[in-house]
Amino acid sequence: MATYSLPTYDSSNYQNNRPQYKDALVDTILEYQLKNPEATTDLAVDVATGTGIFARQLQRGFKRVVGVDISETMLQSARKASAQSSIDFVQSPAESLLFLEDSSVDVITVATGAHWFNIEGFIAEAKRVLKPAGTLAILGYTGFAHFVDYPQCDKMLKEFGLGDSKLGPYWDQGRDVLVEGYRDYHRALTRSKWVDVIRRIYPNTIQGEPSTELPPVVAMVSDVTNNPTSQYYKSASDLELRNFYAAKASINTNFSIPTIPPTIPKVYEGSVARFGKDTAELAVSHFQGVIQSFFVGLIGAKRILEIGTFTGTSAIYFASALKRNGVKGNPDDNGNKPVICLDISEEFAEIARDNFKEAGVEDYIDIIVGDAHESLASLEGQQFDVIFIDADKISYTAYFDAAIEKRLLAKGGLFIIDNTALRPAIQLIDCPAPLPKDKMPEEGMCDDFGAYHYFGRPIHEFNEYIRQDKRCEAVMLPIFTGVTLIRMLENN
């Protein structure tokens with residue numbers, strides 16, 4: 005929070021002009037917290053409290069409220085504006101709340117401030133200080149209105165406010181995290197052991213009279229109960245219950261080789277450290293890895309081909325599944341290991357090899373570096389029970405056809421295709437395929453031409469190609485960003 009923490013910053017003007025949150029937002033957080041019968045409302049801590057605006061609103065639902073901010077300049081205005089209240093204000097970084105004891109806080113809120121934090125550091129500290137039935141609520145507004153009937157106005161407003169040639173360079177670092185609706189927080193919380201991670205978006209619309217409902221916020225509230233009570237789950241929604249239950253029920257405890265390979269979190273952390281969070285998200289999630297491992301066992305797979313490996317997460321899942329099902333490592337009589345990975349990047353391949361060794365599956369996996377079209381041709385004569393495609397989307401159809409033409413898929417084998425329901429593709433649901441080469445996305449359908457060209461169009465065309473292909477049967481699972489399963493028909 006570089007600008008706001010300066011001693012010269014006019015925090016009084018900030019206090020007088022900062023938008024207020026509606027009480028309905030506090031009610032939503034309270035309702036969520038109290039749906040767990042073991043939850044209490046003794047202490048709420050508002051982090052990045054600024055001049056205490058949201059901390060003062062929290063008083064209506066909590067016995068004690070503490071406002072925390074790294075800026076003493078802000079806190080001076082907060083204490084002045086809150087002189088008639090009982091709120092305590094403490095100067096502290098969000099990632100190190102040393103004045104709070106372990107498991108002592110009922111609710112932590114961050115009102116349009118979490119984008120300034122170190123995400124992993126703050127989440128770890130929040131988990132430390134929250135009670136077992138506590139709640140973390142991260143909320144914010146972007147400041148950009150949404151014109152319901154005028155999508156071009158949306159585009160113009162965002163270009164002016166965030167464009168590199170307009171006002172974009174004048175925003176402090178961290179603004180992008182907020183504009184993306186705290187997506188990085190949602191991902192980080194989902195990956196960790198937080199229970200019931202919810203992300204809600206309330207659009208700010210300019211249409212008729214102002215809304216009396218919740219304000220334009222992105223709210224994400226997460227219950228960190230490690231052992232939820234049966235009463236809690238009776239009060240949870242079907243969707244909340246189903247998401248948690250499915251993930252937990254898929255972790256088998258009777259395996260000598262764990263459902264989730266122990267080194268997988270380290271693989272992800274290494275990818276984040278080296279390439280950043282957005283790039284690290286190229287890897288499959290834990291749950292997707294578990295599902296794909298199940299299919300390996302279901303069809304009795306012995307060999308697997310992976311097109312697009314990145315730093316090795318999915319390959320480790322595949323190799324571990326083979327190992328669990330009794331498949332031996334090391335090359336066969338023809339010098340081929342059970343899992344063959346194709347990737348165009350030597351950098352990714354080097355990292356993946358280290359990760360395979362760390363996971364104890366290096367004897368199961370070989371990586372071929374180079375253009376996948378050429379690599380697929382070189383594999384003619386080999387056969388695989390599972391072919392997993394998760395590479396450049398423009399080449400999906402070509403990879404699929406090459407695998408069939410070279411007879412790389414064994415009889416009874418399975419194609420698993422990742423990312424087949426990415427947002428740029430599903431926006432084309434009513435469009436014929438293939439699209440004309442000069443076809444541009446309809447206005448308001450896909451404003452990012454890069455996303456349309458590299459993701460939306462090729463994935464939509466691949467999906468339609470498969471749907472009409474008489475050689476195979478396909479089903480798309482609406483999970484993650486879309487996973488399509490394809491089997492060849494008997495006469496092909």
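Take the position in the sequence shown, starting the count at 1, then add 4; the result is the number in the working numbering.
The beta-carbon is built from N, C-alpha and C at its ideal position, and this holds for glycine as well.
Own chain residues within Cβ distance below 7 Å of residue i, not counting five before or after
{"i": "ALA538", "result": "This structure gives no information on residue 538, because the portion of the chain shown stretches from 5 to 496."}
{"i": "ARG132", "result": "ASP106"}
{"i": "PHE352", "result": "THR313, PHE314 and THR315"}
{"i": "LEU439", "result": "ARG461 and GLU465"}
{"i": "VAL331", "result": "LYS306 and PRO342"}
{"i": "ARG427", "result": "none"}
{"i": "ALA425", "result": "MET480, PRO482, THR485 and GLY486"}
{"i": "TYR189", "result": "ALA118, ILE123, ILE142 and MET224"}
Unbroken alpha helix (DSSP H) run spanning residue i, endpoints
{"i": "GLN292", "result": "290-302"}
{"i": "GLN61", "result": "57-62"}
{"i": "PRO428", "result": "427-430"}
{"i": "GLN80", "result": "76-85"}
{"i": "GLY125", "result": "123-133"}
{"i": "THR401", "result": "400-409"}
{"i": "LEU380", "result": "376-382"}
{"i": "PHE466", "result": "461-471"}
{"i": "LYS281", "result": "281-284"}
Start and end residues, beta strand (DSSP E) containing residue i
{"i": "ILE393", "result": "388-393"}
{"i": "PRO265", "result": "From DSSP, PRO265 is part of no beta strand (DSSP E); its letter is neither H nor E."}
{"i": "THR113", "result": "109-115"}
{"i": "THR32", "result": "It is not in any beta strand (DSSP E) - THR32 instead sits in the alpha helix (DSSP H) that spans 27-38."}
{"i": "ASP106", "result": "Counting along the chain, ASP106 falls outside any beta strand (DSSP E), and DSSP gives it neither H nor E."}
{"i": "ASP50", "result": "47-51"}
{"i": "LYS415", "result": "413-422"}
{"i": "ILE490", "result": "487-492"}
{"i": "PHE93", "result": "92-95"}
{"i": "CYS435", "result": "From DSSP, CYS435 is part of no beta strand (DSSP E); its letter is neither H nor E."}
{"i": "GLY71", "result": "68-73"}
{"i": "GLU477", "result": "476-481"}
{"i": "ASP200", "result": "199-201"}
When the options are compared against residue i, the one with the closest alpha-carbon
{"i": "GLN472", "options": "PRO436, GLU494 and ARG461", "result": "PRO436"}
{"i": "SER89", "options": "LEU104, ALA59 and LEU102", "result": "ALA59"}
{"i": "ILE483", "options": "SER86, VAL373, PHE291 and ILE57", "result": "PHE291"}
{"i": "VAL199", "options": "VAL331, LYS170, GLY125 and LYS252", "result": "LYS252"}
{"i": "GLY301", "options": "THR283, ILE202 and PHE322", "result": "PHE322"}
{"i": "ASP422", "options": "PRO41, SER318, VAL201 and SER169", "result": "SER318"}
{"i": "LEU432", "options": "ASP46, ILE463 and ALA406", "result": "ILE463"}
{"i": "GLY385", "options": "ASP434, ASN340, ASP405 and GLY185", "result": "ASN340"}
{"i": "LYS135", "options": "SER108, TYR145, ASP405 and ALA478", "result": "SER108"}
{"i": "ALA277", "options": "ALA43, TYR458 and GLU124", "result": "GLU124"}
{"i": "GLY333", "options": "ASP370, GLU163 and PRO269", "result": "ASP370"}
{"i": "THR485", "options": "TYR25, VAL51, GLY165 and ASP394", "result": "ASP394"}
{"i": "ASP405", "options": "ILE430, GLY167, SER100 and ALA376", "result": "ALA376"}
{"i": "VAL51", "options": "TRP120, LEU38 and THR44", "result": "TRP120"}
{"i": "GLY117", "options": "THR45, GLU129, ALA130 and ALA98", "result": "ALA98"}
{"i": "LEU326", "options": "ASN338, SER297, ASP337 and TYR189", "result": "SER297"}
Beta-carbon contacts of residue i that lie in its chain and below 6 Å, excluding the five residues immediately before and after
{"i": "PRO23", "result": "none"}
{"i": "GLU366", "result": "PHE360"}
{"i": "GLU362", "result": "THR267"}
{"i": "ALA305", "result": "ASP389 and VAL390"}
{"i": "PRO265", "result": "ILE320, SER324 and ALA363"}
{"i": "ASP92", "result": "VAL70"}
{"i": "GLY274", "result": "none"}
{"i": "LEU104", "result": "VAL133"}
{"i": "LEU34", "result": "GLY65"}
{"i": "ILE372", "result": "LEU346 and SER379"}
{"i": "ASP451", "result": "With a pLDDT of only 47 at ASP451, under the threshold of 50, the placement of this residue in the model should not be trusted, and no figure is reported."}
{"i": "VAL294", "result": "SER254 and THR263"}
For residue j and residue i, believed in contact at Cβ under 8 Å, the rounded distance
{"i": "ILE391", "j": "ARG475", "result": "Not confirmed; about 14 Å, so no contact."}
{"i": "ILE255", "j": "THR263", "result": "5 Å"}
{"i": "THR53", "j": "ASP73", "result": "5 Å"}
{"i": "GLU378", "j": "CYS345", "result": "Not a contact, Cβ separation roughly 15 Å."}
{"i": "TYR403", "j": "LEU380", "result": "7 Å"}
{"i": "TYR552", "j": "LYS397", "result": "Given that the chain is displayed from residue 5 to residue 496, the structure contains no residue 552 and the question cannot be resolved."}
{"i": "SER261", "j": "ARG328", "result": "The sequence shown places Ile at residue 261, rather than the Ser named in the question. About 4 Å separates the two Cβ atoms, so the contact holds."}
{"i": "LEU489", "j": "LEU481", "result": "7 Å"}
{"i": "LEU412", "j": "GLN387", "result": "6 Å"}
{"i": "ALA43", "j": "ALA130", "result": "ALA43 to ALA130, Cβ: 16 Å. No contact."}
{"i": "ILE348", "j": "GLY374", "result": "7 Å"}
Close Cβ partners of residue i (< 8 Å) along its chain, the five nearest in sequence each way excluded
{"i": "LEU102", "result": "SER96"}
{"i": "ASP27", "result": "GLN61 and ARG64"}
{"i": "GLU285", "result": "ARG191"}
Please specify which runs of the beta strand (DSSP E), each continuous and at least 3 residues long, are wholly inside the stretch 301-368, giving them in chain order. The qualifying runs are 308-311 and 343-347.
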